[in-house]
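Structure, as C-alpha cells:
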Ligand code: ARG
C-alpha cells in the first residue's frame, strides 16, 4: 500500500496486527523468528491451557465449545511435535511465535483459530512461554550440575589421600589434599544450586490471564490455568505478572552466573595445575587442542573458553538487569531484548557444565609432582603449632619459626595432612554428606520435572 507524500513508506507489509514498513518490521522483529523457535513447544502448551480456561467460562454464546477445545488441543499437540522435531517455521510477517501459532491454527482449523487469542496478549503469552521453558531448562541444569558435583566427589574420593599443596596468593601455604580441593568445588556447586532452585521457584508462577498486564473483563480462572500447566500458583497481581518479565530472566541469569563463577575458578585451577611447571593434573590429550604451528602443543582451550564464557554470562545478567532497571511499569518492547540474553546464558551454562563433567571424569593426577610441591615452608604453620602444643604462646612460636625458616625440615606430606582431622581438617574430606546433598537436589529436580510432564500430558490428552 503506497502512502501519499511519504517516500519512505512506499512499501508496507501486512501482518496479523497491522500494516508496517518492512524496515520497521524487520528492526522490531529482530531475532525473534529464530529465537522464538525455542519457545514454540511451550507456546503450544500455554495456548492449550488458555483455550481450556476459555472453554470453562460460563458465557453465552461460548467463546470456544468443548469439541473445539479438543480440536485445537490436537492441533497444538501436533504443532508441538513439529516444533520439537525442528520443523516449525516463523515467517517475518508473523513477527513472533505467538502470531505464527495463531496463523497456523487458523489455517488448519479455520474460524476457531481466530478465537484462541480471546482474553490474552502476547505479553502474558511470552511471559508464560519463558517460565515453562525455564522450568524445563533449570531442571535439566540441576540434573547436569549434580552430575558434575557427583563426578567431582568421585574424583575426591579416588584421591582422598593424595597430598596437594594448599596455596594463598598462589604461593605455597599449607598441606592440603586433592580430595579436599575437588570436594570443595562440589560443595561450591551445591551451594550455587541453591540459587538455581530459588530461580526455579521464582519462575514457577503463572502469568497467563494477566493479558497485556491489566487483566480482561472475562472471569478467567487463572488458578485453573496455572494448575493445568503444573505451576505452583498464578501471579496474584496482573500488573506484577507483566512487570516480572525481564526480572525473571535476570534472576535466572544471576543464578547461572554463580554456577559459571565456580566453573571458571575450577578452570583456572586446572589450567594452572596442568601446566608442565606444576604437573599436578594431566588432561588427556583428546580433551586438549593442538596448534597449527607448534607440533608439541596440547592446549586447555575448553577451560579457557569456560573462563571467557563466564564473563559473557555475567554480562548477559548485567544487560538483562540493565534493560529492566529504568523501565516504566507495564510492557515495553525493551523486554524483547532480554530473551536472547536469557536463552544464550542458559545454553552457555548448560554446555559448560556438561563439558566440565567430561573433563573431570577424565582428569589424571601425577602423585610424584603433587608430593614434590611440598617445600619446607609449607610446614611452617604446622611447626609453629607443634611449639604451641609444647606450651609456647602462638605469636612467640610464629616469631621463632619465622626467624629459623632455613632450619625447617620437610615433613612427610602424607603424615602432615593426615594430622589435620575434624571439621577444619584436610584428612577427613567427608564426601558422604555432600553425596547425600547431591542426591537430594537431583531427586527434587527429577520430581518437579516429572510432575510438570504429567501435567502437560494431561493437558494435551496424551496417554503415557
Ligand atoms: N516478541 C515480543 C516480545 O518478546 C512479544 C510481545 C509483543 N508485545 C507487544 N505488545 N508488542 O516481547
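Residue numbers (the working numbering): 66 to 529.
Note that beta-carbon positions come from the ideal geometry of N, C-alpha and C, so glycine has one too.
Pick out whichever of 522, 316, 100 has its Cα sitting closest to the Cα of residue 390.
Cα-wise, what sits closest to residue 390 is 316.
For the beta strand (DSSP E) containing residue 486, list its first residue and its last residue.
Residue 486 -> no beta strand (DSSP E), and no H or E assigned at all.
Quick check: does the Cβ of residue 404 come within less than 7 Å of any heavy atom belonging to the ligand ARG?
Yes, the ligand ARG has a heavy atom inside 7 Å of this Cβ.
According to DSSP, simplified to helix, strand and coil, what is residue 85?
Of the three classes helix, strand and coil, the one that applies to residue 85 here is strand, per DSSP.
Would you check if there are 3 or more beta carbon pairs closer than 8 Å linking the segment 281-296 to the segment 116-133?
Touching, yes.
Look at the alpha carbon of residue 93 and the alpha carbon of residue 218, and state the distance between them as a whole number of angstroms.
Roughly 48 Å between the two C-alpha positions.
Considering only heavy atoms of the ligand ARG, list every residue whose Cβ is less than 6 Å from one of them, following chain order.
So the residues near the ligand ARG by this Cβ test are 97, 161, 187, 188, 191, 396, 398, 400, 401, 404.
Quick one: give me the first and last residue of the beta strand (DSSP E) that residue 229 is part of.
It spans 228-233 - the beta strand (DSSP E) in which residue 229 sits, taken as one unbroken run.
On the CB-based measure, 16 or more other CB atoms within 10 Å of its CB, does residue 459 come out buried or exposed?
Exposed.
Can you tell me where the alpha helix (DSSP H) with residue 508 in it begins and where it stops?
Unbroken alpha helix (DSSP H) run through residue 508: 496-525.
Would a C-beta distance cut-off of 8 Å place residue 385 and residue 406 closer than the cut-off?
Yes, they are a contact pair.
Considering only C-alpha positions, which residue in the set 229, 408, 151, 206 is nearest to residue 437?
Comparing Cα positions, the closest option is 229.
By the three-class DSSP mapping on this structure, what secondary structure does residue 79 have?
Strand.
Using a 10 Å radius around the Cβ and a threshold of 16 neighbouring Cβ atoms, would you call residue 124 buried or exposed?
Classification of residue 124: exposed, given that the 10 Å Cβ count is below 16.
Would you report the Cα separation of residue 505 and residue 221, rounded to the nearest angstrom?
Roughly 19 Å between the two C-alpha positions.
For residue 247, tell me which candidate among 331, 203, 265, 267 has the shortest Cα-Cα distance.
Checking every option, the nearest Cα to that of residue 247 belongs to 331.
Bridge partners of residue 346, per DSSP?
Partner(s): 430.
Which residue wins for smallest C-alpha separation from residue 344, given the options 423, 96, 285, 430?
Minimum Cα distance to residue 344 is reached at 430.
Within its chain, find whatever has a CB closer than 6 Å to the CB of residue 403; leave out the 5 residues flanking it on each side and keep chain order.
Correct list, in chain order: 311, 314, 385, 388.
Provide the residue(s) that pair with residue 298 in DSSP beta bridges, ordered along the chain.
DSSP, once it has assigned bridges, lists 270 as partnering residue 298.
Should residue 378 and residue 413 be called a contact, given that it needs their Cβ atoms to be closer than 8 Å?
Against a cut-off of 8 Å, the Cβ pair of residue 413 and residue 378 comes out as a contact.
In this structure, what does DSSP give as the bridge partners for residue 354?
364, per the DSSP bridge assignment.
Could you name each continuous beta strand (DSSP E) segment of 3 residues or more that falls completely within the segment 182-269, going from the start of the chain to the end?
Whole beta strand (DSSP E) segments, 3+ residues: 228-233, 236-242.
Buried or exposed, going by whether 16 or more other CB atoms sit within 10 Å of the CB of residue 374?
So residue 374 ends up on the buried side.
Is it the case that the Cβ atoms of residue 78 and residue 158 are separated by a distance below 8 Å?
Closer than 8 Å, so yes.
How close, in whole Å, do the beta carbons of residue 257 and residue 211 come, if the pair is a contact with beta carbons under 8 Å?
Contact doesn't hold; Cβ gap of about 11 Å is too wide.
Assess contact between the segment 162-180 and the segment 465-481, defined as three or more Cβ pairs (one per stretch) separated by less than 8 Å. Is contact present?
These segments do not touch.
If we count Cβ pairs, one from each stretch, closer than 8 Å, do we get three or more for the segment 182-189 versus the segment 201-215?
No, the segment 182-189 is not in contact with the segment 201-215.
What are the boundary residues of the alpha helix (DSSP H) that residue 111 is part of?
Note, residue 111: alpha helix (DSSP H), 105-120.
Kindly list the residues whose CB is nearer than 6 Å to the CB of residue 418, restricted to its own chain and excluding five residues on each side of it in sequence; keep chain order.
If we look at residue 418 and ignore the five residues flanking it on each side, its Cβ neighbours are 209, 210, 213.
Taking all protein chains shown into account, decide if residue 156 is buried (16 or more other Cβ within 10 angstroms of its Cβ) or exposed.
Exposed.
Does the count of Cβ pairs from the segment 296-303 and the segment 264-276 closer than 8 Å reach three?
In short, these stretches touch, since the Cβ pair count reaches three.
Between the segment 227-246 and the segment 443-454, can you find at least three pairs of beta-carbon atoms closer than 8 Å?
Touching, yes, given that three or more Cβ pairs across the two stretches are closer than 8 Å.
With C-beta atoms as the reference, is residue 97 less than 8 Å away from residue 381?
Taking 8 Å as the Cβ cut-off, residue 97 and residue 381 do not qualify as a contacting pair.
Looking at residue 324 and residue 254, is the spacing between their C-beta atoms short of 8 Å?
Going by C-beta atoms, residue 254 is nearer than 8 Å to residue 324.
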